[in-house]
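Engineer: Just so you know, the sequence shown maps onto residues 8 to 126 in the working numbering.
We treat Cβ as the ideally placed atom computed from N, Cα and C, and that holds for glycine.
What you are looking at is a predicted structure, and each value in this text was computed from that prediction instead of being measured.
My questions all concern the structure below.
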Amino acid sequence: MGHKESTPLEFACNYLPVMCRHDDLQHVREIIKPLSKLAYGRKEFDLALKRAAIMNRIKVFVFTNPGFIQANVGKELGVEGRIISNMFYYADKFGVIRREKEGRSYRLYSSKDICPKCL
8 MGHKESTPLE
18 FACNYLPVMC
28 RHDDLQHVRE
38 IIKPLSKLAY
48 GRKEFDLALK
58 RAAIMNRIKV
68 FVFTNPGFIQ
78 ANVGKELGVE
88 GRIISNMFYY
98 ADKFGVIRRE
108 KEGRSYRLYS
118 SKDICPKCL
């Protein structure tokens with residue numbers, strides 16, 4: 008079975024929060040707001056905006072705690088584990104956070120400087 012390709016909206020909802028692109032997220036959400044055929048997209052962008060705020064906290068945490076185990080980050084930040092595990096996947100995929108497999112989890116390292124908006 009092949010990997011399902013993401014739609015442009017799905018890609019934006021995963022890429023923009025990880026890259027600290029809050030303004031772009033808000034801009035796209037405003038563009039699709041009046042389009043009834045993209046009503047599902049409005050909800051996705053609302054969630055993406057929330058994930059962007061969480062991602063800021065994650066970036067700072069990983070930067071200040073290099074090598075921390077991914078499975079424990081949710082408890083430290085008070086965020087549900089399944090929400091942030093998806094975010095870690097994309098952060099690694101887009102080169103923001105580097106993950107090194109350790110047992111059933113990953114050790115996390117910042118692979119880029121923290122953007123000023125995240126501090």
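1. Let's see if you can read the secondary structure: which residues bound the alpha helix (DSSP H) around Lys82?
2. Check whether the region 70 to 87 and the region 22 to 39 touch, using three or more Cβ-Cβ pairs below 8 Å as the test.
3. Buried or exposed: where does Pro24 fall if 16 or more other Cβ atoms within 10 Å of its Cβ makes it buried?
4. Have a look at Lys100, Phe95, Arg89 and flag the residue whose alpha-carbon is nearest the alpha-carbon of Asn63.
5. Would you give the residue range spanned by the beta strand (DSSP E) that Lys108 belongs to?
6. So, under 8 Å CB-CB, Ala98 and Ile104 are touching, yes? Tell me the CB distance rounded to an integer number of Å.
7. May I ask you to report which of helix, strand or coil DSSP gives Leu42?
8. Lys66: buried (16+ other C-beta within 10 angstroms of its C-beta) or exposed?
9. Excluding the 5 residues flanking Glu109 on each side, which residues of the same chain have their C-beta closer than 8 Å to its C-beta?
10. Have a look at Tyr116 and Arg106 and give me their C-alpha separation to the nearest angstrom.
Structural biologist: Checking against the coordinates, here is how it stands:
1. Annotation for Lys82: the continuous alpha helix (DSSP H) segment containing it runs 77 to 84.
2. With a cut-off of 8 Å, the region 22 to 39 and the region 70 to 87 do not count as touching, because too few Cβ pairs lie within range.
3. A residue is called buried once 16 or more other Cβ atoms fall within 10 Å of its Cβ, and Pro24 is buried on that count.
4. Residue nearest to Asn63 within the set Lys100, Phe95, Arg89 is Phe95 (criterion: CA-CA distance).
5. Counting along the chain, the unbroken beta strand (DSSP E) around Lys108 starts and ends at 104 to 109.
6. Going by Cβ atoms, the distance from Ala98 to Ile104 rounds to 4 Å, so yes, they are a contact pair.
7. Leu42 falls in the coil class under three-state DSSP.
8. Lys66 should be labelled buried.
9. Annotation for Glu109: Ile76 place their beta carbon closer than 8 Å to its own, counting only its chain and skipping 5 residues before and after.
10. In this structure, the CA atom of Tyr116 is about 6 Å from the CA atom of Arg106.
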